Amino acid sequence: MRPLTFTLRQRPPQRLDLSPLVPHLLAGKSAGEIERIELQTTRRRVDVGAVFRLKMGDPEQICIVGGSDRFDHAGQGMTGGKVFIDGDVGIQAGRLMTGGRLIVRGNAGPWAASGMTAGEIEISGAVGDRLGGPLAGEMRGMSGGIVVVRGRAGGRAGDRMRRGTIIIEGDAGPYAGSRMIAGTLIVLRKAGPLPGFLLKRGTIVLGGGCDALSPTFVDCGDHELIAIRLLATMVEPYSKPAALVLRRPLTRLAGDMAVLGKGEIFVGTRN
Amino acid sequence: MTFKGVRIDDTFAEAFGMRATALIITADTARWARQAAVTMTGFATSVIGCGCEAGIDRELTSRQTPDGRPGVRVLLFAVSTAELQKQLQTRVAQCVLTSPGSACYSGLEGEESLRLGNALRYFGDGWQISKRFGAKHFWRIPVMDGEFVCEAATGLTKKAVGGGNLLIIGRTARTTRAAAEVAAAAIAKVTDVIAPFPGGIVRSGSKVGSKYKGAPASTNDAYCPTLRGAVKTALDPDAGSVLEIVVDGLTSEAVASAMRAGIAAIIKLGPKRGATRISAGNYGGKLGPHHYHLRELLP
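Protein chains in written order, with this note's numbering: chain E, 400 to 670; chain S, 102 to 400.
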């Protein structure tokens, strides 16, 4: 069955909240009902019909043709199915996802994958700051699922992450994996300064090293660990370059000794 | 009935429901994977005296294991879930965790699960690391040669069957052993089954009870050739030796397949070089729910 397709008419006049456009909220709705869904984030009403041309199809597969950095909360709260966005999205894409697959063929703003507990997100471009991180006042960030970013990520990627896997195929900004509680963060190219800042537990892999490493990480030597080999096998379907990095000999650094110190950073090249 | 000179008794093997699990043990080399598996499945021939019955199901290539190293699949059978959990935990802790370069993974998707790494992780003394990827959960336990990686849990099946058996009867000890060896080799190729006795063969088949108080089982005197004439025997005048193969399987179908493969191998060897007769052990059909009639397992 063909997907339920939303085609962008023109750049939206204000930031929009796309969180209603997810499979479980659109199931069973008629074209008219969908076109009347409100997406505005200001007092001025904007509904689906004003922004998108709608083509009915299977609500388990949603396709949004044409993106905008004003598309906030895309795929938020997804429980299953697939959402494909051919273009950019704004803040908090895939936030609080508990299942399904979100694909963004473009860039995403800050807090993508924030608080997600399961499912898959693939972003072909770059992402903003705090990928998978918590919003202000929240105790933990991403706690499950897998996120693959083909481009670069902003600062504090994986902040307060509790579980799950993030793969960044480009560079990462400063403080990658800051305050991580657990989980796995893989950066294939270079990370900015102080990766793993206040890392409690969890694994960070830096394929291209980093600008500056905190002195509170201690060198545990070069190792070829079975767990990393296992991780390579598991990430291979999502990112072949990540699997290649994981299959090289890596140096293990334990830390952050400024806090619990039970986390680890693996670096492909010595800094 | 007689097939190519080998007499097949019109009887059946009586088997019992058991709890079972499977593990995949890997190591840097096939030799060390096998070593860990052999050590773990030692002293596991019978639930009567060993707590469980265990054995190697098959060897795995590096393409068939989760971590891309050579491995071995091991099956464990016990009469209760609690005993199986105890045996699994103790044997993995003492025999696999201790073996150089080993790792241990679930080898069965069961309706329920048994604690594996979840029970062993405390050996890490706080330095153990939990890793989840999708539905998979592993524990990394630091050890002196690096890390012991162990999956958190493994599957449990309550549909397993223990006690499928063949009684192999021949003129001499040598020919009977030859027949038992070809049968054991054929059974080893069947997946999801083990023959837990030494080399897959048992020479001390037992009957229920004893003249001595407290002994739950004693020698199967009806099949002891040296007692022919002294007791009510089940042996022909020309029978000089009897060996048994006991088969445990994850499913009833697997046990039947293994018995079928064993019978076919014995018949192929023929009565001159092997066995003259095949029979099976049962308790009159009143104890075990699984009955494997030999006539239905002929090649």
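Note that beta-carbon positions come from the ideal geometry of N, C-alpha and C, so glycine has one too.
Remember, it's a predicted structure, so these values are computed and weren't measured experimentally.
How would you call E/Phe470, buried or exposed, if buried means at least 16 neighbouring beta carbons within 10 angstroms?
Burial call: buried.
Counting contacts by CB-CB distance shorter than 8 angstroms, is E/Ala590 in contact with chain S?
It does not; no Cβ of chain S falls within 8 angstroms.
Mind checking if S/Arg120 is an interface residue toward chain E, Cβ cutoff 8 angstroms exclusive?
S/Arg120 does not count as touching chain E.
Applying the criterion that 16 or more other CB atoms from any shown protein chain within 10 Å of the CB defines a buried residue, is S/Ile302 buried or exposed?
By the 10 Å Cβ count, S/Ile302 comes out buried.
Beta-carbon of E/Ala581 versus every beta-carbon of chain S: anything under 8 angstroms?
With 8 angstroms as the cut-off, E/Ala581 counts as an interface residue toward chain S.
Considering only the alpha carbon of each residue, which of E/Gly553, E/Ala581, E/Asp570 and E/Ser513 lies closest to E/Arg562?
Of E/Gly553, E/Ala581, E/Asp570 and E/Ser513, the residue nearest in Cα terms is E/Ala581.
Using beta-carbon positions only, say whether S/Leu198 and S/Glu252 come within less than 8 angstroms of one another.
No.
Using a beta-carbon distance cut-off of less than 8 angstroms, what residues from the region 232-247 of chain S approach chain E?
The residues in question are Lys232, Arg233, Phe234, Gly235, Lys237, Phe239, Arg241 and Gly247.
Given this structure, state the Cα-to-Cα distance separating E/Asn670 from E/Thr615, to the nearest angstrom.
Because the pLDDT at E/Asn670 is just 41, under 50, the model does not fix this residue reliably, and the value given afterwards should be weighed accordingly. Answer to the nearest angstrom: the Cα atoms are 14 angstroms apart.
List the residues of chain S whose Cβ lies closer than 8 angstroms to the Cβ of E/Ala626, in chain order.
Ordered by position in chain S, the residues that pass the 8 angstroms Cβ test against E/Ala626 are Ile230, Lys232, Phe239, Arg241, Glu248 and Val250.
Is there a Cβ of chain E sitting closer than 8 angstroms to that of S/Gly225, yes or no?
It does not; no Cβ of chain E falls within 8 angstroms.
What three-state label does DSSP hand S/Ser353 in the structure shown?
Helix at S/Ser353.
Say whether chain E places a C-beta atom closer than 8 angstroms to the C-beta of S/Gly169.
So, interface residue.
Does the region 127-136 of chain S come into contact with the region 200-208 of chain S, if we say contact requires no fewer than three beta-carbon pairs (one atom in each stretch) closer than 8 angstroms?
In short, these stretches touch, since the Cβ pair count reaches three.
Return the CA-CA distance between S/Ala194 and S/Val356, expressed in angstroms with no decimal places.
Straight-line Cα distance between these residues: approximately 29 angstroms.
Which residues does DSSP list as the beta-bridge partners of S/Ala318?
S/Val309.
State the Cα-Cα distance for the pair E/Gln491 and E/Ala512, rounded to the nearest angstrom.
E/Gln491 and E/Ala512: Cα-Cα distance of roughly 7 angstroms.
Where does the unbroken beta strand (DSSP E) through E/Leu684 begin, and where does it stop?
Shown here, chain E extends from 400 to 670; a query on residue 684 of chain E therefore has no answer.
Can you give the beta carbon distance from E/Ala517 to E/Gly544, rounded, assuming they're within the 8 angstroms contact cut?
Yes, E/Ala517 and E/Gly544 are in contact; Cβ-Cβ is about 5 angstroms, under 8 angstroms.
Do you know whose CA, among S/Ala281, S/Ser305 and S/Ala254, lies nearest S/Glu210's CA?
For the residues S/Ala281, S/Ser305 and S/Ala254, the minimum Cα distance to S/Glu210 belongs to S/Ala254.
Going by C-alpha to C-alpha distance, which of S/Val244, S/Val180, S/Tyr393 and S/Thr112 sits closest to S/Ser353?
It is S/Tyr393 whose Cα lies nearest to the Cα of S/Ser353.
So, is S/Ala116 buried or exposed, given that buried needs 16 or more other C-beta atoms within 10 angstroms?
It counts as buried.
Please list, in chain order, the chain E residues whose beta carbon lies closer than 7 angstroms to that of S/Ala204.
Those within 7 angstroms of S/Ala204 in chain E are Ile625.
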